[in-house]
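Below: one structure, written as structure tokens.
Residue numbers (the numbering used here): 371 to 585.
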């Protein structure tokens, strides 16, 4: 990926670079154990960035992040605080730790990407973040959360707002959410139910989210 030469590029230049990044991502075939093609959201500059784990089979078929069961749950959460699925897809950048389908786990569910796959794919979401410079980052699930901060148990991080400072010097807030997978029960029982509600309230009150509502 080649970024604009300026140390502080204009939004137009950053958007052009983001388009180039996504064009390069579409051609990526680095991981032999993953199933493509790679998935990305709309190429949009937004003050809010979501980071998921990895696409599933439906996302690979439709080339859209969060387009099946987990997405219905996730967008249902956001609809409660003012933005439905269509608005979220138009106004936010939806990223992921890995961009291809990892395959199925023999014990059930989707396989969690391994350390090497996460490392090989890391440049895509970090490149997006560098160009986006979001003011609010919403990692979804422990794998995504752990890329930004220490994450032992969800109980210890969900329901709170955390500071983030990039190597380039810009700052953002991180408000973690649990994974919205249908296989997860964490957010359906206590303390997950209450912590999820607290996290959504923090997102709803954040200036970056309020900016999306005003669009």
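Beta carbons are placed, not taken as given, at the ideal position from N, Cα and C, and that holds for glycine.
Cβ shell of residue 531 (< 6 Å), same chain only, five flanking positions each side left out
Taking the first residue of the chain shown as 1, we reach residue 531 at position 161. Taken in chain order, the residues that qualify are 543, 545, 572.
(request) Could you spell out where the beta strand (DSSP E) holding residue 532 opens and where it closes? (result) Your numbering for residue 532 matches position 162 in the chain shown. 532-535 is the span of the beta strand (DSSP E), which, as asked, contains residue 532.
Compare the C-alpha of residue 409 against each of 477, 511, 458, 425 and name the closest. Counting from one through the chain shown, the residue named residue 409 turns up at place 39. Cα-wise, what sits closest to residue 409 is 425.
- Do you know whose CA, among 503, 460, 529, 437, lies nearest residue 413's CA? Within the chain shown, the letter at position 43 stands for residue 413. Closest option to residue 413, Cα to Cα, is 460.
* Asked: Do residue 488 and residue 547 have their C-beta atoms closer together than 8 Å?
  -> In the chain shown, residue 488 corresponds to position 118, counting from 1. In the chain shown, residue 547 corresponds to position 177, counting from 1. Against a cut-off of 8 Å, the Cβ pair of residue 547 and residue 488 comes out as no contact.
To the nearest angstrom, report how far apart residue 444 and residue 423 are at their CA atoms. Working through the chain shown from its first residue, we reach residue 444 at position 74. Working through the chain shown from its first residue, we reach residue 423 at position 53. If you take the alpha carbons of residue 444 and residue 423, they lie about 13 Å apart.
Q) At which residues does the beta strand (DSSP E) containing residue 422 begin and terminate? A) The residue labelled residue 422 in the question sits at position 52 within the chain shown. Per DSSP, residue 422 belongs to the beta strand (DSSP E) from 418-422.
Name the DSSP beta bridge partners of residue 543, please? Numbered from its first residue, the chain shown carries residue 543 at position 173. 506, 533, per the DSSP bridge assignment.
Item to complete: Would you kindly work out how many angstroms separate the C-alpha atoms of residue 500 and residue 428, rounded to a whole number?
Response: Counted from its first residue, the chain shown places residue 500 at position 130. Counted from its first residue, the chain shown places residue 428 at position 58. In a straight line, the C-alpha of residue 500 is about 28 Å away from that of residue 428.
**Asked** Between which two residues does the alpha helix (DSSP H) harbouring residue 393 extend?
**Response** In the chain shown, counting from the first residue as 1, residue 393 sits at position 23. Residues 381-396.
**Asked** Tell me which same chain residues have a C-beta within less than 8 Å of the C-beta of residue 471, skipping the five on either side of it?
**Response** Taking the first residue of the chain shown as 1, we reach residue 471 at position 101. Result list for residue 471: 404, 405, 406, 424, 425, 426, 427, 429, 430, 480, in chain order.
Check: Around the Cβ of residue 483, are there at least 16 other Cβ atoms within 10 angstroms (buried) or fewer (exposed)?
Finding: For this step, residue 483 is matched to residue 113 along the chain shown. Label assigned to residue 483: buried.
Please state if the CB of residue 525 and the CB of residue 583 are separated by a distance shorter than 8 Å. Numbered from its first residue, the chain shown carries residue 583 at position 213. Numbered from its first residue, the chain shown carries residue 525 at position 155. The answer is no: Cβ separation not under 8 Å.
- Query: In whole angstroms, what separates the C-alpha of residue 552 from that of residue 517?
  - Reply: Here residue 552 refers to the residue found at position 182 of the chain shown. Here residue 517 refers to the residue found at position 147 of the chain shown. Rounded to whole angstroms, residue 552 to residue 517 spans 23 Å at the Cα level.
Check your understanding: What whole-angstrom Cβ distance do residue 513 and residue 416 have, given they're in contact under 8 Å?
Key -> Taking the first residue of the chain shown as 1, we reach residue 513 at position 143. Taking the first residue of the chain shown as 1, we reach residue 416 at position 46. Wrong, their Cβ atoms sit about 22 Å apart, outside the cutoff.
Based on DSSP bridge pairs, tell me the residues matched to residue 465. As a position in the chain shown, residue 465 is number 95, starting the count at 1. In DSSP, residue 465 forms a bridge with 421.
query: Straight-line CA distance for residue 577 to residue 395?
result: In the chain shown, residue 577 corresponds to position 207, counting from 1. In the chain shown, residue 395 corresponds to position 25, counting from 1. Straight-line Cα distance between these residues: approximately 30 Å.
* Buried or exposed (CB count within 10 angstroms, at least 16 for buried), residue 550 -> Indexing the chain shown from 1 puts residue 550 at position 180. Flag for residue 550 reads buried.
Buried or exposed, going by whether 16 or more other CB atoms sit within 10 Å of the CB of residue 537? By one-based count along the chain shown, residue 537 stands at place 167. Label assigned to residue 537: exposed.
field: Among 434, 393, 492, nearest to residue 411 - alpha-carbon criterion
entry: One-based indexing of the chain shown puts residue 411 at position 41. Residue 411 has its Cα closest to that of 434, out of 434, 393, 492.
Practice prompt. Express the C-alpha separation of residue 478 and residue 381 in angstroms, rounding to a whole number.
Written response: Residue mapping note: residue 381 aligns to position 11 of the chain shown, counting from 1. Residue mapping note: residue 478 aligns to position 108 of the chain shown, counting from 1. Using only the alpha carbons, I get a separation of about 43 Å.
Going by C-alpha to C-alpha distance, which of 475, 557, 462, 515 sits closest to residue 505? Within the chain shown, the letter at position 135 stands for residue 505. The residue with the shortest Cα to Cα distance from residue 505 is 462.
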